[in-house]
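Positions 0 to 397 (numbering that gives the first Met the number 0) are the ones given, in order, by the sequence shown. A short write-up of the structure that comes next.
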Amino acid sequence: MFELKSMRTILIGVGLFILACFVLIVLNQPSPTDASFITPPAREPNLTPRPHSDDDDSNGSHALNKAGIYGQVTDLSTGRPGQGFEVDINGSIVRTDSDGRYSLTGLKAGTYTAVLLLPSQAVAAQGTAQVYLADEEIATVDLSYYSETPPTPTPSPTATAAPPTPTLQPEPVADADPRPKANEFSAAFSPLIPSSDGSPTVWINPGHINNEDGVAGTIAIDVANVNDLGAFQGTLNFNPKVIEIEDVVLGNFLDSTGRQTNPLVTEIDNTSGEISFVAFTSGDTAGPNGGGTLAVINFVSKQPGISALELDDVRLVARLGKSISAQIGDGQISVTSCFGDLNEDDVIDVGDVQAAAGRVGQELGDPNYVLEFDINNDNIIDEDDVAIVTDRLSEECP
């Protein structure tokens, strides 16, 4: 009985002690002041540019306008992002994060300059950039720097090598005026006159032709001073922009003694501007002597200009197969859209008539013979040429 009372007394004492401790804790707390119950006034929204934060994405319809300038700073020495660098954008300072990225949002339309602020030991690579920002536009401006001074390559000196000599580049030449000029005819080309000393000759006849744009014409490949001719071959190069070859036919010289002549074999390439031809004979009769026409070439003029006629790889062969050496004479075709305008004033008048009449009697090889005044291409300037110009009086050039 006594023990039970003692236990109860102990429990009551412990309970009173705990209660007393709780009361002391409560009494030691500071009393609330009136300021603790004042609700702070609502803050005005900040409309000035501010750095972008990922927390802005969680604000829903209350988030600030994301339009602005975004970018990344890179250390080109290491290839790593530049962390903790300041970027000045029109006076607003932003700092790069751990990925080297920065941003400034809420910007109005205008021109902005981003400047990377670097410590003294760093060297700017792309340290400044300017961008124009339109309304609600996002612009990316990446900047870069070197954390270490980039090495400057130094060329190794060569003990024995001399400095290189600069190679002169040819200056581009503008396309020439397609209309033929008188001085170009006489200065750039002179037809071959077959030799009178008996030397074998192959040449274009006539050596120079005046032709009108769109008009057909004929030239011949002639030979002179040969003996016992049995075969011939060669190529003729021309300007495919100025003329077009229609066909090539065998002349009347090779079979003039009655020998059996095989058909003239030709290849005409009006794209590259080349004709190849070959002809040969058979039989017991001797080959022809002297001269005549080997082949006749029919062409049509395509546009104003000058086409050289260049014979190449020409071979003359005697009846029994012996080669015959020969000199070669090239030719020229001059195409004009204003046939008869000799003084090139875009109208055919008395001045052109006099230009031809003043040279009547001049033949190919004479000092005053000028190719373009020999209008009918017969190697002499005569009354026929004057008549051609007279028939076109008062015509205007196209």
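Yeah, the Cβ is synthetic: ideal placement off N, Cα and C, and Gly gets one too.
Between L142 and Q125, the C-beta gap is smaller than 8 Å, which places the two residues in contact. With contacts defined as CB atoms closer than 8 Å, L228 and V247 fail to qualify as a contacting pair. A straight line joining the alpha-carbon of S300 with that of I323 spans about 34 Å. Q361 is positioned such that its CB atom lies closer than 8 Å to that of I380. Note that the stretch 266-284 does not touch the stretch 193-209; fewer than 3 beta-carbon pairs, one per stretch, sit closer than 8 Å.
Between the stretch 101-111 and the stretch 67-87 there are three or more C-beta pairs closer than 8 Å, enough to call the two in contact. In the DSSP assignment, I88 falls within the beta strand (DSSP E) that extends over E85 to I88. Within the DSSP secondary-structure output, Y131 pairs in a beta bridge with T110. In the three-state DSSP reduction, L370 falls in the helix class (H, G or I). In this structure, DSSP gives E136 a state outside helix and strand, which the three-state scheme calls coil.
Distance check between I296 and each of I218, R94 and T73 places I218 closest, using alpha-carbon atoms only. Of all alpha-carbon atoms in N236, N288 and F237, the one lying nearest the alpha-carbon of S255 is that of N288.
G320 and N224 do not touch by the CB rule: their CB atoms are close to 20 Å apart, not below 8 Å. Judged by DSSP in its simplified three-state form, L228 adopts strand. Beta-bridge analysis with DSSP links I218 to I296.
The alpha-carbon separation between E273 and D221 amounts to approximately 18 Å. The continuous alpha helix (DSSP H) containing Q353 extends over residues V349 to A356. Excluding five sequence positions before and after E394, the CB atoms of its chain that fall closer than 6 Å to its own CB belong to I347, given in chain order. Between L235 and L293, the gap from beta carbon to beta carbon reaches 8 Å or more.
Just measuring C-alpha positions, the residue of D344, N238, P118 and V352 sitting nearest G330 is N238. Close CB contacts of I267 within its chain, under the 6 Å cut and outside five residues either way in sequence, are with I244 and I274 (chain order). Rounded to the nearest whole angstrom, the C-alpha separation of R258 and R391 is 47 Å.
Annotation for V388: the continuous alpha helix (DSSP H) segment containing it runs E382 to T389. According to DSSP, N209 shares a beta bridge with S333.
CA-to-CA, the gap between G14 and M6 works out to about 13 Å. Distance from the CA atom of T73 to the CA atom of G99, rounded to whole angstroms, is 7 Å.
Of the candidates L363, N261, I242 and Y101, I242 places its Cα closest to the Cα of I305. Residues of the same chain with a CB within less than 6 Å of the CB of G350, apart from the 5 flanking positions on each side, are N342 in chain order. For E266, the uninterrupted beta strand (DSSP E) segment begins and ends at V264 to D268.
Distance between I192 and E211, taken at the CA atoms: about 25 Å.
No Cβ-Cβ contact shorter than 8 Å links T127 with T139. Under the three-state reduction of DSSP output, I11 falls in the helix class. DSSP places D312 inside the beta strand (DSSP E), whose first and last residues are G304 to A317. Here Y144 really is in contact with G81; their C-beta atoms are around 7 Å apart, less than 8 Å. Secondary structure at I17: helix, using DSSP grouped into helix, strand and coil.
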